[in-house]
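Heads up, the thing below is written out as structure tokens.
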Amino acid sequence: MPELPEVETVKRGLAPTFEGAKISSVDQNRPDLRFPFPENFSKRLSGHRVTTLSRRSKYLLADIDSGDVLIMHLGMSGSFRIENDVLGETPGEFSHARSKNPKHDHVVFHLQTQENTPARIVYNDPRRFGFMDLIARPKLSDHAYFKDLGLEPLGNDLSGETLAQLFAGRKSPLKAALLNQKLIAGLGNIYVCEALWRTGLSPKRVAGSLATGTGKPKQKANELAAHIRSTLEDAIKAGGSSLKDHTQADGSLGYFQHSFAVYDREGEACRKPECSGTVSRLVQSNRSTFYCPRCQT
DNA sequence: AGTGGGACCTGTCCGC
DNA sequence: TGCGGACAGGTCCCAC
93 MPELPEVETV KRGLAPTFEG AKISSVDQNR PDLRFPFPEN FSKRLSGHRV TTLSRRSKYL
153 LADIDSGDVL IMHLGMSGSF RIENDVLGET PGEFSHARSK NPKHDHVVFH LQTQENTPAR
213 IVYNDPRRFG FMDLIARPKL SDHAYFKDLG LEPLGNDLSG ETLAQLFAGR KSPLKAALLN
273 QKLIAGLGNI YVCEALWRTG LSPKRVAGSL ATGTGKPKQK ANELAAHIRS TLEDAIKAGG
333 SSLKDHTQAD GSLGYFQHSF AVYDREGEAC RKPECSGTVS RLVQSNRSTF YCPRCQT
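389 is the number that the numbering used here gives the last residue of the first sequence; the numbers go up by one with no jumps.
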């Protein structure tokens, strides 16, 4: 599920329950996900309060009043769901948004919310490419997860100018450059395809070609920056994309996948009104790229 | 240094 | 219906 818009959607979904809540206990149902859990994971969280929930790139961060930051990454298949006392149900019975696959419920945070009601936040991840970690707040930006991360595509740093600088001299295909988290942090396979289509740029084009001169390439860099932003913002507005059975924290579905112009549309008509092309699939860096060879050049 | 490819896992879908 | 292979939203690691 999770590229930047999905992680942002998850953050917004969890915040009302998680922020200000006291963690009464944590069930850690296995020793590792992608990486081992940190030492005393449950112990370092239990009895403490979550102050703020935030996002950096595709990482979800929960500041804990102990001074630790709980790092959560969803990998390819991670999702959270909230379980509440549901009105009209047996008191104490948590029945909201039941897991379809309880054997992949790896972590359960038992909470006492700000409103002093019990709730649980459950992390489910069939492929276990996600992970959690605890890092002291002052050490966060120097930590290996974050120190090499590129700019936030929704922040003020993203512009045609900065894109041109980042891509200058790069011989890799534009697709690979945009997926490189050291340059721009948060884009993934879907939204790179979509942003390139919106801009009319071929994923195969050499990244450095956007950096030269002051005329057309520079203008393309400006357009690309704007389209990256609008693609992500549109997806967040739509509640992210729900592929497979992925849902938002409250169990509802995002619907941006209905707005995909190219992703997973191989063989279908290009959606640009004036274009008669057909969406193609190719493999770059071992990942599928979807694009219209006719209008993306 | 920068790049491409494989590896990590499980689930699902498609063709035989 | 069953089975094998391809493929899936991410990122780390290791050869070139």
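Virtual Cβ for every residue (Gly too), placed ideally from N, Cα, C.
Measuring alpha carbon to alpha carbon, tell me which of the options ends up nearest residue i.
i	options	result
R220	A228, L166 and A236	L166
S116	E98, L96 and L137	L137
K267	L302, R126 and F172	L302
T205	R262, N176, F223 and L232	N176
Q257	G112, T304, S351 and K364	T304
L357	A269, G346 and S380	Residue identity differs from the one stated: residue 357 is Arg in this sequence, not Leu. It is S380 whose Cα lies nearest to the Cα of R357.
Starting from residue i, trace the beta strand (DSSP E) in both directions and tell me its first and last residue.
i	result
N176	S171 to N176
V142	V142 to R148
R373	S372 to Q376
Y355	Premise fails: Y355 is in no beta strand (DSSP E) and is neither H nor E.
S134	First-last for S134: F133 to L137, but that is the alpha helix (DSSP H), not the beta strand (DSSP E).
Identify the continuous alpha helix (DSSP H) that holds residue i and give its terminal residues.
i	result
A313	K308 to K329
Q257	G252 to F259
V118	Careful: V118 lies outside any alpha helix (DSSP H), inside the beta strand (DSSP E) at K114 to Q120.
A287	N281 to T291
Per DSSP, what kind of secondary structure is residue i in: helix, strand or coil?
i	result
Q273	coil
V102	helix
L302	helix
Q388	coil
F382	strand
Could you please give me the residues that DSSP links to residue i through a beta bridge?
i	result
N216	S171 and D197
L232	Answer is none; L232 lacks a bridge partner.
Y151	R148 and H165
F223	H165
P128	D124
Please go through the same chain and pick out, in chain order, the residues whose beta-carbon is closer than 7 Å to the beta-carbon of residue i, but skip the five residues on each side of it.
i	result
F201	I115, V118, R212 and I213
E286	T323, F352, A353, V354 and Y355
In chain order, what residues of the same chain have a beta carbon less than 6 Å from the beta carbon of residue i, not counting five sequence neighbours either side?
i	result
R297	L266
S158	H140
G180	In this predicted model, G180 has a pLDDT of only 39, less than 50, meaning its place in the structure is not dependable; the value taken from the coordinates is given anyway. Counting only Cβ-Cβ distances below 6 Å, and skipping sequence neighbours, we find nothing.
Which residues in the same chain have their Cβ closer than 8 Å to the Cβ of residue i, if we skip the five residues on either side of it in sequence?
i	result
D217	L125, L166, G167, S169, G170, S171, H196 and H198
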